[in-house]
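Engineer: Just so you know, the protein sequences line up as chains P and Z, in that order. Using numbering that gives the first Met the number 0, read the first sequence as starting at 0 and increasing by one per residue. Using numbering that gives the first Met the number 0, read the second sequence as starting at 0 and increasing by one per residue. Glycine included, C-beta positions come from ideal geometry on N, C-alpha and C. First the structure, then my questions, so here it is.
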Amino acid sequence: MTGEEREAVLSWPDRRGYFGPYGGQFVPETLVPALRELESLYESLRNDASFQGEYHRLLTDYAGRPTPLTFAARLTAHFGKGRVYLKREDLCHTGAHKINNTVGQILLAMRSGKTRIIAETGAGQHGVATATVAAKMGLDCCVYMGEEDVARQRLNVRRMEMLGATVVTVRTGSRTLKDATSEAIRDWVSNVKDTFYIIGSVVGPHPYPLMVRDFQSVIGRETSAQVLEAEGKAPEYLLACVGGGSNAIGLFHPFLGSSAIMTGVEAAGEGLDTGRHAATLTRGRPGVLHGSLSYLLQDANGQVQLAHSISAGLDYPGVGPEHSALKDSGRVRYVSVTDSEALEAARLLSRLEGIIPALETAHALAYLKTMMMETRDDDVVVVSLSGRGDKDMETYSTHSE
Amino acid sequence: MNRLTTVLSTLRERRKKALALFLTAGYPAADSTPGLVLSLAAAGADIIEIGMPFSDPLADGPVIQQSSATAIGNGVTITGILDGIRKIRESSTVPLVLMGYINPILSYGSDRFFRDAASSGADGVILPELTLEESVRFKTEIDRNGLSQILLVAPTTPSERITAIDAASGGFLYCVSTTGVTGSAGKGTPEDFLFRVKACAKKNPALVGFGISTAAEARHAALLSDGVIIGSALIRRLSEGEPVASISGWVRSIREALPAT
Numbered sequence: 000m001t002g003e004e005r006e007a008v009l010s011w012p013d014r015r016g017y018f019g020p021y022g023g024q025f026v027p028e029t030l031v032p033a034l035r036e037l038e039s040l041y042e043s044l045r046n047d048a049s050f051q052g053e054y055h056r057l058l059t060d061y062a063g064r065p066t067p068l069t070f071a072a073r074l075t076a077h078f079g080k081g082r083v084y085l086k087r088e089d090l091c092h093t094g095a096h097k098i099n100n101t102v103g104q105i106l107l108a109m110r111s112g113k114t115r116i117i118a119e120t121g122a123g124q125h126g127v128a129t130a131t132v133a134a135k136m137g138l139d140c141c142v143y144m145g146e147e148d149v150a151r152q153r154l155n156v157r158r159m160e161m162l163g164a165t166v167v168t169v170r171t172g173s174r175t176l177k178d179a180t181s182e183a184i185r186d187w188v189s190n191v192k193d194t195f196y197i198i199g200s201v202v203g204p205h206p207y208p209l210m211v212r213d214f215q216s217v218i219g220r221e222t223s224a225q226v227l228e229a230e231g232k233a234p235e236y237l238l239a240c241v242g243g244g245s246n247a248i249g250l251f252h253p254f255l256g257s258s259a260i261m262t263g264v265e266a267a268g269e270g271l272d273t274g275r276h277a278a279t280l281t282r283g284r285p286g287v288l289h290g291s292l293s294y295l296l297q298d299a300n301g302q303v304q305l306a307h308s309i310s311a312g313l314d315y316p317g318v319g320p321e322h323s324a325l326k327d328s329g330r331v332r333y334v335s336v337t338d339s340e341a342l343e344a345a346r347l348l349s350r351l352e353g354i355i356p357a358l359e360t361a362h363a364l365a366y367l368k369t370m371m372m373e374t375r376d377d378d379v380v381v382v383s384l385s386g387r388g389d390k391d392m393e394t395y396s397t398h399s400e
Numbered sequence: 000m001n002r003l004t005t006v007l008s009t010l011r012e013r014r015k016k017a018l019a020l021f022l023t024a025g026y027p028a029a030d031s032t033p034g035l036v037l038s039l040a041a042a043g044a045d046i047i048e049i050g051m052p053f054s055d056p057l058a059d060g061p062v063i064q065q066s067s068a069t070a071i072g073n074g075v076t077i078t079g080i081l082d083g084i085r086k087i088r089e090s091s092t093v094p095l096v097l098m099g100y101i102n103p104i105l106s107y108g109s110d111r112f113f114r115d116a117a118s119s120g121a122d123g124v125i126l127p128e129l130t131l132e133e134s135v136r137f138k139t140e141i142d143r144n145g146l147s148q149i150l151l152v153a154p155t156t157p158s159e160r161i162t163a164i165d166a167a168s169g170g171f172l173y174c175v176s177t178t179g180v181t182g183s184a185g186k187g188t189p190e191d192f193l194f195r196v197k198a199c200a201k202k203n204p205a206l207v208g209f210g211i212s213t214a215a216e217a218r219h220a221a222l223l224s225d226g227v228i229i230g231s232a233l234i235r236r237l238s239e240g241e242p243v244a245s246i247s248g249w250v251r252s253i254r255e256a257l258p259a260t
């Protein structure tokens with residue numbers, strides 16, 4: 000990349016919410032005024048000391064930040080070179096990075112005067128994180144979740160219910176995250192006057208991809224300081240899984256101007272050539288879904304294809320627009336691993352480091368065996384350990400040898 | 000002037016309200032649409048909107064979600080829809096407006112789509128995911144092909160934005176009557192919204208859609224506007240297997256219920 004290209008990447012998005020050619024606002028007119036309000040509210044608070052102070056206080060006192068950076072000694076020994084660190088988002092309150100974003104958005108919701116919160120969820124981690132902050136702030140909360148995900152992430156459904164949220168089972172279309180998101184948008188169109196929609200990833204219409212990126216960037220900022228403290232230098236490699244892409248953007252964004260090699264790992268499901276995968280950036284082409292222009296899994300007629308991943312959080316045919324732009328620019332490389340590679344990596348981390356990762360996170364871990372072949376002995380590799388695996392125990396037991 | 004603008008100005012001269020009906024292309028069967036369009040036009044529809052089905056219709060309620068899924072299952076594509084329009088044009092000049100989500104159009108190629116839509120005999124397009132701001136990039140191609148680009152306003156749209164959308168819209172202004180998805184029932188058309196539209200939008204006739212299903216509702220909405228658009232109520236009748244002759248009778252009853260201007 001030239002210096003000019005690097006500058007462009009760092010300046011995204013523009014005022015209309017575009018990351019290069021991707022992003023924008025493709026929504027029914029009913030929602031446009033609400034998005035305008037949200038844009039100006041967020042613009043006024045983005046650099047507001049009291050808002051940022053309140054946000055960071057909640058991250059510290061409630062969400063449990065900063066999260067540790069753990070040196071993975073036995074995993075490093077397993078690969079025989081490099082130095083592998085784990086950024087422990089699994090230790091956040093509720094068990095994943097998702098709460099970084101919901102804490103930020105609930106504060107926006109409080110300032111907007113809306114009294115009702117809605118969210119979509121795939122694996123249930125965003126649903127739980129939303130139900131959690133809604134409970135803390137005393138707001139009504141309704142979470143849309145696909146029928147297939149309700150079945151495979153039962154623990155998180157129970158958690159949301161215990162937190163006082165209403166979980167609506169979505170039985171249309173894919174019965175996974177894609178249709179849960181469509182139903183949440185339909186709810187928002189119908190109740191926009193009193194409802195705040197907390198989107199869980201760097202997807203959706205502007206300003207959501209920007210807001211969620213900002214709220215998740217705490218991951219990368221902490222990592223930068225922690226690696227400097229531990230190793231006296233910046234990391235050479237960053238690795239994260241990508242569904243919508245929020246934990247990956249959170250880790251990557253503060254490093255975009257550095258020379259770190261960044262890799263986003265998508266879900267190859269049963270294999271890229273089986274047609275049953277969720278490798279949007281690897282196998283999709285640009286299109287519009289859920290309010291923004293980005294890479295999309297679609298057929299020759301522009302109908303959205305069903306994604307497949309063993310991981311509910313990655314089982315989505317779209318991806319955040321900033322990732323599409325980062326792919327095209329070459330700044331971040333995107334690869335994919337299969338369901339069985341992810342399962343194997345989850346077992347490996349559990350046995351070597353005493354950490355059971357979420358299935359989503361296991362996709363990032365699974366790429367280590369390929370990536371570690373290119374690293375030098377003293378290269379520092381940071382993996383975003385985006386979530387813990389309690390919710391996936393049924394899937395892990397079903398697939399154990 | 001295309002067939003759409005001609006019909007709308009004729010209606011205005013004759014002091015009549017417009018009746019627009021929405022059909023999902025390829026529903027209930029792959030080849031149903033041309034015949035249905037001709038029957039509905041004969042029963043008194045002034046304008047027919049042909050919905051191009053999309054897998055993820057996020058502005059639509061259950062009725063049109065279902066018809067879209069069925070139509071996609073029937074193998075409907077943009078190419079097939081445009082063939083159907085050519086067939087309709089062999090015997091009818093009823094204004095035809097293509098309505099749909101943007102992704103299949105981008106996939107087909109937007110320049111190619113607007114050119115082929117116009118040459119097959121369509122008169123306008125309604126692309127509800129294209130906001131005023133996002134619609135700008137398609138305007139040149141749409142205008143060049145003589146199509147009307149119909150934009151939407153909603154009860155949440157501020158007054159000055161209604162004026163700006165009206166200025167950018169062609170054919171008519173589509174007034175979304177309720178804050179909700181298509182087919183949302185029971186809320187009625189908010190009179191204050193339509194009063195506001197009348198005061199702010201002077202360029203185009205204002206047609207009201209979303210949630211109108213009976214002759215009485217149509218009459219009420221038309222009293223406050225230049226006409227009505229009915230979609231989900233028609234699709235529901237088709238989904239229940241109601242015979243075309245009976246549906247035509249229902250359309251006539253709505254046509255008769257509409258007041259003079």
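Using a Cβ-Cβ cutoff of 9 Å, what residues of the segment 89-116 of chain P are near chain Z? List them in chain order.
Structural biologist: none
Engineer: Would you verify that the beta carbon of R185 of chain P is, or is not, closer than 7 Å to some beta carbon of chain Z?
Structural biologist: yes
Engineer: Does any residue of chain Z have a CB that is nearer than 7 Å to the CB of V167 of chain P?
Structural biologist: For V167 of chain P, the answer is no, since every Cβ of chain Z falls outside 7 Å of its Cβ.
Engineer: Would I141 of chain Z pass as a contact of F113 of chain Z if the rule is Cβ separation under 7 Å?
Structural biologist: yes
Engineer: According to DSSP, simplified to helix, strand and coil, what is R64 of chain P?
Structural biologist: It is coil, neither helix nor strand.
Engineer: Along chain Z, in chain order, which residues have C-beta atoms closer than 8 Å to that of F25 of chain P?
Structural biologist: Among the residues of chain Z, those whose CB is under 8 Å from the CB of F25 of chain P are I101, E128, L129, T130 and E133, following chain order.
Engineer: For a test of the three-state rule: what should DSSP assign to K368 of chain P, helix, strand or coil?
Structural biologist: helix
Engineer: How long is the line joining the alpha carbons of A164 of chain P and G353 of chain P, rounded to whole angstroms?
Structural biologist: 32 Å
Engineer: For S200 of chain P, tell me which candidate among P:Q225, P:A122, P:E343 and P:T262 has the shortest Cα-Cα distance.
Structural biologist: Of P:Q225, P:A122, P:E343 and P:T262, the residue nearest in Cα terms is P:A122.
Engineer: Shortest alpha-carbon distance to A324 of chain P belongs to which of P:P285, P:I355, P:L342 and P:V169?
Structural biologist: The option with the nearest alpha carbon to A324 of chain P is P:P285.
Engineer: Hey, which unbroken runs of the beta strand (DSSP E) at 3 residues or more fall wholly within the segment 143-195 of chain P?
Structural biologist: As far as the segment 143-195 of chain P is concerned, its whole beta strand (DSSP E) runs of at least 3 residues are 165-169.
Engineer: On the criterion of 16 or more Cβ atoms from any shown chain inside 10 Å, does M144 of chain P qualify as buried, or is it exposed?
Structural biologist: M144 of chain P comes out buried.
Engineer: Can you give the Cα-Cα distance for P206 of chain P and S183 of chain Z, rounded to whole angstroms?
Structural biologist: 28 Å
Engineer: With DSSP as the reference, please indicate the residues paired to D30 of chain Z in a beta bridge.
Structural biologist: BP columns for D30 of chain Z are empty, so no partner.
Engineer: Just to make sure I have the definition right: I need the residues of chain Z whose C-beta is within less than 7 Å of the C-beta of T29 of chain P. Which are they?
Structural biologist: A153, T155, V175 and T178
Engineer: Step through the CB atoms of chain P and report whether any lies within less than 7 Å of the CB of S31 of chain Z.
Structural biologist: no
Engineer: Using a beta-carbon distance cut-off of less than 8 Å, what residues from the segment 313-324 of chain P approach chain Z?
Structural biologist: none
Engineer: Spatial neighbours of K16 of chain Z within its chain, please: C-beta separation below 6 Å, excluding the five flanking residues on both sides.
Structural biologist: A221, G226 and L257
Engineer: Helix, strand or coil: which one does DSSP assign to C240 of chain P?
Structural biologist: strand
Engineer: List, from N- to C-terminal side, the alpha helix (DSSP H) runs of 4 residues or more that fit wholly inside the segment 49-116 of chain P.
Structural biologist: 72-78 and 97-111
Engineer: Could you say if the segment 223-238 of chain P and the segment 303-311 of chain P meet the contact criterion of at least three C-beta pairs nearer than 8 Å?
Structural biologist: no
Engineer: Can you give me the Cβ contacts of R153 of chain P inside the same chain, cut-off strictly under 8 Å, excluding the 5 residues immediately before and after it?
Structural biologist: E393
Engineer: Give me, in chain order, the residues of the same chain whose beta-carbon lies closer than 7 Å to that of G99 of chain Z; leave out the 5 immediate sequence neighbours on both sides.
Structural biologist: Only G50, M51, F53 and L126 meet the Cβ criterion.
Engineer: Here's a check: name, in chain order, each residue in its chain whose Cβ is nearer than 6 Å to the Cβ of H398 of chain P, leaving out the five neighbours to either side.
Structural biologist: L342
Engineer: Are the CB atoms of T155 of chain Z and D59 of chain Z nearer to each other than 7 Å?
Structural biologist: no
Engineer: Counting only the same chain and skipping the five closest in sequence on each side, list residues whose C-beta sits under 7 Å from that of K202 of chain Z.
Structural biologist: So the qualifying residues of the chain are D165 and A166.
Engineer: With three or more beta-carbon pairs closer than 8 Å as the criterion, would you say the segment 262-273 of chain P touches the segment 1-8 of chain P?
Structural biologist: Cβ pair count under 8 Å is below three, so no.
Engineer: Anything in chain P within Cβ reach of F53 of chain Z, meaning under 9 Å, just list it in chain order.
Structural biologist: G301, Q302 and V303
Engineer: In chain P, what lies closer than 7 Å to Q64 of chain Z by C-beta?
Structural biologist: T171
Engineer: Considering only residues of the same chain and omitting the five flanking positions on each side of P320 of chain P, which have a CB-CB separation below 7 Å?
Structural biologist: F18, Y21, G22, P208, S291, L292 and S293
Engineer: By a C-beta neighbour count over all protein chains shown, 10 Å radius and 16 as the cutoff for buried, is N46 of chain P buried or exposed?
Structural biologist: In this structure N46 of chain P is exposed. Its beta-carbon is surrounded by fewer than 16 other beta-carbon atoms within 10 angstroms.
Engineer: Measuring alpha carbon to alpha carbon, tell me which of P:T168, P:R275, P:V264 and P:S385 ends up nearest T369 of chain P.
Structural biologist: P:V264
Engineer: Give me the subset of the segment 275-299 of chain P whose CB atoms are less than 9 Å from a CB atom of chain Z, sorted by chain position.
Structural biologist: Listed in chain order, the positions of the segment 275-299 of chain P with a beta carbon within less than 9 Å of a beta carbon of chain Z are R284, P285, G286, V287, L288, H289, G290, L292, L295, Q297, D298 and A299.
Engineer: Within the 7 Å Cβ cut-off, does S212 of chain Z reach chain P?
Structural biologist: With 7 Å as the cut-off, S212 of chain Z does not count as an interface residue toward chain P.
Engineer: Taking the straight line between their C-alpha atoms, what separation do you get for W187 of chain P and Q215 of chain P?
Structural biologist: If you draw a straight line from the Cα of W187 of chain P to the Cα of Q215 of chain P, it is about 23 Å long.
Engineer: Buried or exposed: where does R87 of chain P fall if 16 or more other Cβ atoms within 10 Å of its Cβ makes it buried?
Structural biologist: By the beta-carbon neighbour count (other beta carbons within 10 angstroms, threshold 16), R87 of chain P is buried.
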